[in-house]
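Read in order, the letters of the sequence shown correspond to residues 1 to 114 in UniProt numbering. The beta carbon of each residue, even a glycine, is placed where N, CA and C say it ideally should be. Okay, structure first, notes after.
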Amino acid sequence: MKFYKSVNKTITLLVAIGIISFATSSNLFGTNFFGNKGNKSNIKILSYNIRIAHPPSKGWNEVDLPAIARVIKQANPDLVALQEVVVFTELKVKKITHSVKNETKKFYNTAFCR
Numbered sequence: 001m002k003f004y005k006s007v008n009k010t011i012t013l014l015v016a017i018g019i020i021s022f023a024t025s026s027n028l029f030g031t032n033f034f035g036n037k038g039n040k041s042n043i044k045i046l047s048y049n050i051r052i053a054h055p056p057s058k059g060w061n062e063v064d065l066p067a068i069a070r071v072i073k074q075a076n077p078d079l080v081a082l083q084e085v086v087v088f089t090e091l092k093v094k095k096i097t098h099s100v101k102n103e104t105k106k107f108y109n110t111a112f113c114r
C-alpha cells in the first residue's frame, strides 16, 4: 500500500513538472503558449489550501465553493493546485471546477488524485 502511494506521488510530481516545463517553454511549435511578447514566458501558479471548502470567516459548518472561485478569479492564474480536496469525491471536484469556470469565465482541466 505504501509503495503505491509513493508511486502515485512520484507520478503526480512528474506530471506537474512536465506541465510546467511545457507551459513555460518560450516557443512551442512556432507559437508562444501564453501569447507573451519577447523571449520571456511567465506562468502564474496558484497553490491554494481550500480548508476542505470551509472558509475561515464562516467556520467549519459551511461550505462555500463560490468563495474559492472568487479567490481563483482574483489571482488569475494559469495553473491552480488545490490542497485539502482529498475529502471530496471526483464529482465534487468537478463542481468546484464548474464554479470556478462560472466565476472566472476560464476553463481549467482537472486532475484528481489521492
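N- and C-terminal bounds of the alpha helix (DSSP H) containing residue i
i: residue 196; result: Residue coverage of the chain in this structure runs from 1 to 114, which leaves residue 196 outside it and unanswerable.
Option in the options with minimal Cα separation from residue i
i: Ala-75; options: Thr-12, Lys-44, His-54 and Ile-19; result: Lys-44
i: Val-80; options: Ser-41, Lys-9, Ile-20 and Trp-60; result: Ile-20
i: Gln-83; options: Gly-59, His-54, Ser-99 and Asn-102; result: His-54
i: Lys-73; options: Val-15, Asn-8, Ile-11 and Leu-46; result: Leu-46
CB of residue i within 8 Å of CB of residue j, strictly
i: Ile-17; j: Leu-65; result: no
i: Tyr-48; j: Val-71; result: yes
i: Ile-68; j: Ile-50; result: yes
Endpoints, beta strand (DSSP E) assigned at residue i
i: Ile-45; result: 45-49
i: Ala-81; result: 79-83
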